[in-house]
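See below for the structure under consideration.
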Amino acid sequence: MNLFSPIITGIFLGGLYAVIGLGLSLVFGVMKLVNLAHGAFVVFGSYLGLALLIAFGLDPILALILIVPTAFILGYCIQKFLVNRAYQLGTEPALLITYGISIILANLYQQIFSPYFKSLVTDYSVKGLSIGPYSVPLIYVLDFIVCFIAMLLLHWLLNKTYIGLSIRCAVQDPVAAKLMGISIEHVYALTLGISLSFASLAGVFLGLTFPFNPVSSFTYLFIAFGVVVIGGLGSMTGTFIGGIVLGLSQTLAAYFLGIGLQTFVGFIVIFIMLAIRPQGIFGVKE
Amino acid sequence: MPGEPLLKLESVSIYYGNFCAVKNVSLSVYEGEIVSLIGANGAGKTTVMNAIMGLVHPAKGSIIFEGKRIDKLDTSQIVSLGVSLVPEGRRIFSTLTVYENLMAGAYTPRARAQREQMLKRVYDLFPILQERSKQLAGTLSGGEQQMLAIGRALMSNPKLLLLDEISLGLSPIVTLKLYDAIRRINSEGTTILLVEQNVRQSLKISSRAYILKSGEIVLSGYSKDLKDEEEIKSAYFGV
Amino acid sequence: MFRLNAEYILLVILTLIMALLPVVGIGWYTLHVLFLFFVYLALANMWNLLAGYSGLVSLGQPAFMGIAGYTLAMLLWFFDTPLYIAIPAACAAATAFAAVLSIPLFRMRGFYFSIGTLLLNEICRVWFNWWRPIPVPGAPVGGGAGFGIRSGLSPISIYYLALAVGIASIILMRFILGSKLGAGLMAIRDNERAAATCGIDIFRCKLYSFLIATFFTGLAACVFYLFQGHIEPTGAFSISWLNVMLMAVIIGGISTEEGPIVGSAIVVLLSQLLPRYAEYSPLILGVLLTLIITFTPPGIIGMMRKTRLYNAMLKYLSKPIT
Chain A
1 MNLFSPIITG IFLGGLYAVI GLGLSLVFGV MKLVNLAHGA FVVFGSYLGL
51 ALLIAFGLDP ILALILIVPT AFILGYCIQK FLVNRAYQLG TEPALLITYG
101 ISIILANLYQ QIFSPYFKSL VTDYSVKGLS IGPYSVPLIY VLDFIVCFIA
151 MLLLHWLLNK TYIGLSIRCA VQDPVAAKLM GISIEHVYAL TLGISLSFAS
201 LAGVFLGLTF PFNPVSSFTY LFIAFGVVVI GGLGSMTGTF IGGIVLGLSQ
251 TLAAYFLGIG LQTFVGFIVI FIMLAIRPQG IFGVKE
Chain L
1001 MPGEPLLKLE SVSIYYGNFC AVKNVSLSVY EGEIVSLIGA NGAGKTTVMN
1051 AIMGLVHPAK GSIIFEGKRI DKLDTSQIVS LGVSLVPEGR RIFSTLTVYE
1101 NLMAGAYTPR ARAQREQMLK RVYDLFPILQ ERSKQLAGTL SGGEQQMLAI
1151 GRALMSNPKL LLLDEISLGL SPIVTLKLYD AIRRINSEGT TILLVEQNVR
1201 QSLKISSRAY ILKSGEIVLS GYSKDLKDEE EIKSAYFGV
Chain R
2001 MFRLNAEYIL LVILTLIMAL LPVVGIGWYT LHVLFLFFVY LALANMWNLL
2051 AGYSGLVSLG QPAFMGIAGY TLAMLLWFFD TPLYIAIPAA CAAATAFAAV
2101 LSIPLFRMRG FYFSIGTLLL NEICRVWFNW WRPIPVPGAP VGGGAGFGIR
2151 SGLSPISIYY LALAVGIASI ILMRFILGSK LGAGLMAIRD NERAAATCGI
2201 DIFRCKLYSF LIATFFTGLA ACVFYLFQGH IEPTGAFSIS WLNVMLMAVI
2251 IGGISTEEGP IVGSAIVVLL SQLLPRYAEY SPLILGVLLT LIITFTPPGI
2301 IGMMRKTRLY NAMLKYLSKP IT
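Protein chains in written order, with the numbering used here: chain A, 1 to 286; chain L, 1001 to 1239; chain R, 2001 to 2322.
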């Protein structure tokens, strides 16, 4: 018996989980809104990748060129026409409207793609990579690399562009941001667009790694939320560590307790974190 | 005054719920002027400023900038037209660097195109901001923060600059420095409307003044004529 | 204090009509639709108590329904417990579960509470999928296969149970809203801080409302599972239960007494009476939900309350009869 394999897969898996969490954390940080449709947005990437793979034989990673902009536009419009309106009424309507959106999306997936599990199968998604005497699926390594690319990209976007500047201004002082000529509605719409872009990126790699079905929307919502809750909001390092903790807790649970309780342990970890330290291990209490 | 005013408020009334904060206020600001709006705490000065910026919308009356009605526009549109406010309490972005704060000021497309020029102008006006450009804005002293707030508002190269209580909580020396800067901004072609509690200071710098009391304009005229008016005292002390 | 008015008379008449329907030999299909309506009504009323009156947007009610259903199944399967004990015991088990969980849950505020409760459904689903209590020779029992529920009740008696629970949930809502607890909840909803300074125990008010709602939600679940005769984890902890409560309350009108009644009727009609489009009904309901929150947040009843006719009717109905 040795722990090398579950630990290394747990860490790699954690990288992917961190990408799933990035978008949710961004939206919460900017709008103080838990986007209950985040998981459905993640699976949106998986299904769009699947559709392009089936229809045109387009490689899912190449298809990102189409998937990410589509996701951005979808996110922008959802925020602009639906969530912004509900947001004016208060936080509860906004929360419930994201729930409504997740129901709509999950049902659409079911109508279009059936309720059964699907996968994005390519030749590299089934290859293995040897590390010393051990073999790790190649796609896990790719997931981990994508995690770093995504985090660097988001860091660049937030700190080096005007979009990022306007988002940071709006978070800190919405009134002062308005006085700079920044439209808060526009910033919120951009934020959801960016969040959805990262979600769809995660979705494509998720689809390459695991089978998915419409109900996965909710599973990945919890994983995203777990990552954010463990890591704390607004901290990219925290999100990364949150992903790793969750990934490890799952692979180690599978190793010690069996596959059946793998997700159970992950969820229990999230639940306990919610109760004892909702601002996260690295978060600052507001 | 010749020609059309740059900014004109025509019998503007503003309500917060049932409370009438500003009643039937009319005022004009002509190009190149410094005009001050004077009144005690709670007289409605900030509300007037917020209404010009579109942060609150008047229930009655109209606000006209360069011959165009702006009282129904969004704040971001008004900023794009060339109006900029240094808000009460400065409201700088304290977790952003000084440089980022200034860049935020140049957010509108028009301003973004000429931001290098404007940055040079702001650094010229307040050299301390250039020295501190990489520092977080929250670490600046009160006076420096106020300079940053003014510089940030200038970054959009406004035609009309609104200043709300810029001397509040600052030492007399810093205040004098700021007023010198304002004179210079004005002499470089920016029209200024300023709100103050400090009567003497603002009458000294402005060419004309309006006195606001409980949401109404009770007195207006050339600043040099207003200096001894009893009305100003009554506006303050309610005598 | 109880005052007889036209509302109660109307309720009694409608209840009697509903009770007579099976006697006059109405079709099974209609009866089934009405059965679902009453179950949904009880669920919606309880969710309205939580989200509409207590500020607890709980997304975890399916978990409590499942716990009640599983307890019922266990008691019947292993101990052959008589129903009049098994049903209250099942509801009590769900309530006890809620009481224990309220310790961590009530530490979570706002969004966190909603997510924490939503997570409960998944936790329970995964657990019951894995859990196989005692191997029964020759029968696939427990885990993903679930348990059979043999009650020996006729469908008509189950219909009467549903009718009783549905009507009881309406009366319960009226009773709670008129009670000290209701006054406390309303004060908290209007201004939490002011309520606290008036000496209202916010924690206790919310806890009571949470437990009462869970007990009744469990009761509705028991009635449903008696009818279904079977329970398995995927269906029991499915968020489609949550959709039913949420949509009935929001479409009908949240924080109104009559909203859930109208909303439950719409949800039942859309999900049952359009069998040809049945697979699209969750989609239609989802769109309806989103549109209502966006454009008319007070729901159908909220809209109707703006009309004079509806208000006149309400006034007439609630006038005391002496």
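We put the CB at the ideal spot given by N, CA and C, even for glycine.
Looking at chain D, which residues of the segment 2189-2217 of chain R have a Cβ within less than 7 Å of any of its Cβ atoms?
Judged by its chain identifiers, the structure shown contains no chain D, and its protein chains are A, L and R.
Starting from the beta carbon of residue 85 (chain A), find every residue of chain L whose beta carbon is closer than 7 Å, and list them in chain order.
Near residue 85 (chain A) there are no residues of chain L at all, since even the closest Cβ is about 16 Å away, more than 7 Å.
Is DSSP giving residue 285 (chain A) helix, strand or coil here?
The pLDDT assigned to residue 285 (chain A) is 47, lower than 50, so where the model puts this residue is not dependable; a value taken from the coordinates is nonetheless given after this. Looking at residue 285 (chain A) - three-state DSSP - the assignment turns out to be coil, as it is neither helix nor strand.
Comparing C-alpha positions only, which one of L:1056, L:1034 and L:1033 sits nearest to residue 1044 (chain L)?
Selection L:1056, L:1034 and L:1033 evaluated against residue 1044 (chain L) yields L:1056 as nearest (Cα-Cα).
Nearest chain A C-beta to residue 2040 (chain R) closer than 8 Å, yes or no?
no
Which chain A residues sit within Cβ distance under 7 Å of residue 2111 (chain R)?
34 and 95
Can you give, in chain order, each stretch of the beta strand (DSSP E) that sits fully within the segment 1168-1239 of chain L and has at least 3 residues?
1191-1196, 1208-1213 and 1216-1222
Using 10 angstroms around the beta-carbon of residue 62 (chain A), count the other beta-carbons present and answer buried if the total reaches 16, otherwise exposed.
exposed
Locate the alpha helix (DSSP H) running through residue 149 (chain A), then write down its first and last residues.
138-160 is the extent of the alpha helix (DSSP H) around residue 149 (chain A).
Taking all protein chains shown into account, do 16 or more other C-beta atoms lie within 10 angstroms of the C-beta of residue 1004 (chain L), making it buried, or fewer, making it exposed?
exposed
Given residue 2317 (chain R), which residues of its chain have a CB within under 6 Å of its CB, disregarding the five upstream and five downstream residues?
2006 and 2007
In the structure shown, what three-state DSSP assignment does residue 1023 (chain L) receive?
Three-state result, residue 1023 (chain L): strand.
Using 8 Å as the threshold, is the segment 2058-2076 of chain R in touch with the segment 2260-2270 of chain R, meaning 3 or more CB pairs across them?
no
Starting from the beta carbon of residue 244 (chain A), find every residue of chain L whose beta carbon is closer than 9 Å, and list them in chain order.
Those do not exist, as residue 244 (chain A) stays about 27 Å from chain L at its closest Cβ, beyond 9 Å.
Can you check whether the C-beta of residue 1104 (chain L) is within less than 8 Å of a C-beta belonging to chain A?
yes
Do residue 2130 (chain R) and residue 41 (chain A) have their C-beta atoms within less than 8 Å of each other?
no
Which residues in the same chain as residue 2254 (chain R) place their Cβ atom closer than 7 Å to its Cβ, once the five residues preceding and following it in sequence are excluded?
2048, 2051, 2052 and 2299
For residue 216 (chain A), report the span of its beta strand (DSSP E) as first-last.
Element bounds for residue 216 (chain A): not the beta strand (DSSP E) but the alpha helix (DSSP H), 216-231.
I'd like to know whether the C-beta atoms of residue 1037 (chain L) and residue 1212 (chain L) end up nearer to each other than 8 Å.
yes
Give the DSSP-derived three-state secondary structure of residue 81 (chain A) in the structure shown.
Helix at residue 81 (chain A).
Any beta-carbon of chain A closer than 8 Å to the one on residue 2107 (chain R)?
Residue contact with chain A for residue 2107 (chain R): present (Cβ-Cβ distance below 8 Å to some residue of chain A).
Under a Cβ-count criterion, where at least 16 other Cβ atoms within 10 Å of its own Cβ denotes burial, should residue 1041 (chain L) be classed as buried or exposed?
exposed
From the DSSP output, in three-state form, read off residue 2319 (chain R) for me.
Note: residue 2319 (chain R) maps to coil in three-state DSSP.
To the nearest angstrom, how far is the alpha carbon of residue 1239 (chain L) from that of residue 1214 (chain L)?
At residue 1239 (chain L), the pLDDT of 45 sits below 50, so the modelled position is not reliable and the matter cannot be decided from this model.
Is the shortest distance between the beta-carbon of residue 1046 (chain L) and the beta-carbons of chain A less than 8 Å?
Output row for residue 1046 (chain L): interface = no.
Ordered along the chain, which non-local residues of its own chain (more than five positions away) have a Cβ less than 6 Å from that of residue 269 (chain A)?
Same-chain partners within the cutoff: 249.
Which one or two residues does DSSP pair with residue 38 (chain A) in a beta bridge?
Bridge partners of residue 38 (chain A): none, in fact.
Would a C-beta distance cut-off of 8 Å place residue 2149 (chain R) and residue 2073 (chain R) closer than the cut-off?
yes
Closer than 7 Å, Cβ to Cβ, to anything on chain A: give me those residues from the segment 2289-2305 of chain R, in chain order.
2289, 2290, 2293, 2294 and 2297
Check whether the segment 2006-2025 of chain R touches the segment 2301-2321 of chain R, counting contact only when three or more Cβ pairs, one atom from each stretch, lie closer than 8 Å.
Touching, yes.
Identify the contact partners of residue 2282 (chain R) in chain A, using a Cβ-Cβ distance below 9 Å as the criterion.
103, 104, 106, 107 and 110
Is any beta-carbon of chain A found at less than 8 Å from that of residue 2119 (chain R)?
yes
For the segment 138-153 of chain A against the segment 1067-1079 of chain L, do three or more pairs of beta-carbon atoms, one drawn from each stretch, fall closer than 8 Å, so that the two count as touching?
no
Got a sec: which bits of the segment 1079-1093 of chain L sit with their beta carbon under 7 Å from any beta carbon on chain A, in order along the chain?
Result list: 1079, 1080, 1085, 1087, 1091 and 1093.
In three-state terms, what does DSSP make of residue 2230 (chain R)?
strand
Would you give the residue range spanned by the alpha helix (DSSP H) that residue 1072 (chain L) belongs to?
Unbroken run through residue 1072 (chain L): none, as it is neither H nor E.
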